[in-house]
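Undergrad:
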Amino acid sequence: MGTIIIVLFCVGYLFIALEHSVGINKTATALVTGVLCWTVYILFNDPHIVTHQLLEQLGEISSILFFLMGAMTIVELIDSHDGFEIINRAITTKNEKTLLWIVSLITFFLSAIGDVTTTMLWIGGQISSSSIIIHLFLPSLFSLLVPLIIVTLLMTKGSQAQAKDNTGVVKGPLSFEQKLIFFSGLAVLLLVPVFKTITHLPPFMGMLLGLGLLWILTELIHRNKVEEERQKFSVIQALEHMDVPSVLFFLGILLAVGVLQNTSQLTRLAGTLNNTFESEKIIVTIIGIVSAIVDNVPIVAAAIAMYSLDVYPLDHSFWHLLAFCAGTGGSLLIIGSAAGIAAMGLEKISFGWYLKNISWLAVIGYLAGIAVFIIQESFILR
12 MGTIIIVLFC VGYLFIALEH SVGINKTATA LVTGVLCWTV YILFNDPHIV
62 THQLLEQLGE ISSILFFLMG AMTIVELIDS HDGFEIINRA ITTKNEKTLL
112 WIVSLITFFL SAIGDVTTTM LWIGGQISSS SIIIHLFLPS LFSLLVPLII
162 VTLLMTKGSQ AQAKDNTGVV KGPLSFEQKL IFFSGLAVLL LVPVFKTITH
212 LPPFMGMLLG LGLLWILTEL IHRNKVEEER QKFSVIQALE HMDVPSVLFF
262 LGILLAVGVL QNTSQLTRLA GTLNNTFESE KIIVTIIGIV SAIVDNVPIV
312 AAAIAMYSLD VYPLDHSFWH LLAFCAGTGG SLLIIGSAAG IAAMGLEKIS
362 FGWYLKNISW LAVIGYLAGI AVFIIQESFI LR
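Numbering (the numbering used here), first residue to last: 12 to 393.
The structure is reproduced here in structure tokens:
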């Protein structure tokens, strides 16, 4: 049974990694893999026990999915109100070096909101919001600054950025509604950790509360508009534009990983890794590198299942480093992150160009962040 499940998982994983080559969406593969793994598991075991385990697994999975759905809907709602135009309007420079630094710093802070792998660790009880900020802010900052400084030094002095041709497009002043929804949405996302700390309820409860409050706010500010105009800015419209395939992908992958956890396959793998590599930091560094080739969500899910809180308790350095490596390791290759895939589609960046021009910078940033983390843990935050 165990061998069949492992083969199914590996074949599914291979199809996910080769999504663009085989032409099959990774969400479809993940769902089929997850269900088939549970099917094999229940056929070889007591159905009552397996059903109970499945329901427990669904409880853990749903907390992650509801959190992500809430966050994605809020972001879509801000976008439907053109809220991100506030950031766009604030950037006026045409100097390439200045523009690079501004955009890099803005994305540095915005990317911390709703990061999937860190969210999984937070919801799973491996990290706390305050501790992850304290332990990973400097490593993350250095992983940005080191390659950013290198690129700045390599850029031509005084070069100007070429703006997109917006001839004929007249932009009016930012509306009150744009500002209200943008800042309210950001506030809701940032206050979720505060809600969890005060109430001790799961994070998805805070996210759903925030979505509900934002929903009420949009209903109130658009209540006097005609129905067609109201629908354009409604949460219902935002839900229709939400990235449902990504949510279903997480569901399928987490179901498959759940089978490996319940059959103790991941526990055996953890033992093998510990025997092969004596240092936990080497193990996590390798996990981060692997996340550049395959999706980091199943990798983090597997790591959570492999190492219990009895081995590495809340806010152990293992979890902090895992959050960093899984979050940044995907950028080593353009196919290793959602942002990279989006860039391939929007800006037509090729795999080869990225590998030649960006990957080496990403490796330097990745290793710089790990080095800062080790120094920090050894001498500052002991």
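Note that the Cβ used here is the ideal one computed from N, Cα and C, for glycine as well. As the structure is a computational prediction, the values presented were derived from the model and not from experiment.
Just verifying my parser: in three-state terms, what is the DSSP assignment at residue 307?
TA: DSSP places residue 307 in helix when its eight states are reduced to three.
Undergrad: According to DSSP, is residue 106 part of a helix, a strand, or is it coil?
TA: Of the three classes helix, strand and coil, the one that applies to residue 106 here is strand, per DSSP.
Undergrad: Using C-beta distances below 8 Å, list every residue in its chain close to residue 254, excluding the 5 sequence neighbours before and after it, in chain order.
TA: Result list for residue 254: 83, in chain order.
Undergrad: Which residue comes first and which comes last in the alpha helix (DSSP H) that contains residue 141?
TA: Note, residue 141: alpha helix (DSSP H), 140 to 165.
Undergrad: Since residue 63 is in the alpha helix (DSSP H), which residue starts that stretch and which ends it?
TA: Counting along the chain, the alpha helix (DSSP H) containing residue 63 begins and ends at 58 to 91.
Undergrad: Taking residue 163 as the reference, give the member of 150, 110, 338, 203 with the closest Cα.
TA: For residue 163, the nearest C-alpha among the options comes from 110.
Undergrad: Which same chain residues end up closer than 7 Å to residue 228 when comparing Cβ atoms and leaving out the 5 residues on each side of it in sequence?
TA: So the qualifying residues of the chain are 195.
Undergrad: Taking only three categories from DSSP, how would you classify residue 234?
TA: The answer is coil: DSSP assigns residue 234 none of H, G, I, E or B.
Undergrad: According to DSSP, is residue 295 helix, strand or coil?
TA: Of the three classes helix, strand and coil, the one that applies to residue 295 here is helix, per DSSP.
Undergrad: Under 9 Å, do residue 291 and residue 328 count as touching if we go by C-beta distance?
TA: Yes, they are a contact pair.
Undergrad: With residue 195 as the anchor, note down where its alpha helix (DSSP H) starts and where it stops.
TA: Run containing residue 195: 187 to 210, per the alpha helix (DSSP H) assignment.
Undergrad: Taking 9 Å as the threshold (C-beta atoms), are residue 339 and residue 373 in contact?
TA: It is a contact, given that the beta carbons lie within the stated cut-off.
Undergrad: Alpha carbons only, please: which of 34, 134, 186, 310 is nearest the one belonging to residue 280?
TA: With distances taken between Cα atoms, residue 280 lies closest to 310.
Undergrad: Could you check what DSSP says for residue 368 in three-state terms: helix, strand or coil?
TA: Here residue 368 sits in helix by DSSP.
Undergrad: Looking at the secondary structure, which residues open and close the alpha helix (DSSP H) in which residue 324 lies?
TA: From DSSP, residue 324 is part of no alpha helix (DSSP H); its letter is neither H nor E.
Undergrad: Rounded to whole angstroms, what's the CA-CA distance from residue 347 to residue 341? Just pull it up for me.
TA: Straight-line Cα distance between these residues: approximately 4 Å.
Undergrad: Look at the alpha carbon of residue 308 and the alpha carbon of residue 210, and state the distance between them as a whole number of angstroms.
TA: Approximately 28 Å, taken between the alpha carbons.
Undergrad: Nearest-angstrom Cα distance between residue 214 and residue 152?
TA: Using only the alpha carbons, I get a separation of about 26 Å.
Undergrad: Please tell me whether residue 262 and residue 45 are closer than 9 Å, where the distance is taken between their beta carbons.
TA: It is a contact, given that the beta carbons lie within the stated cut-off.
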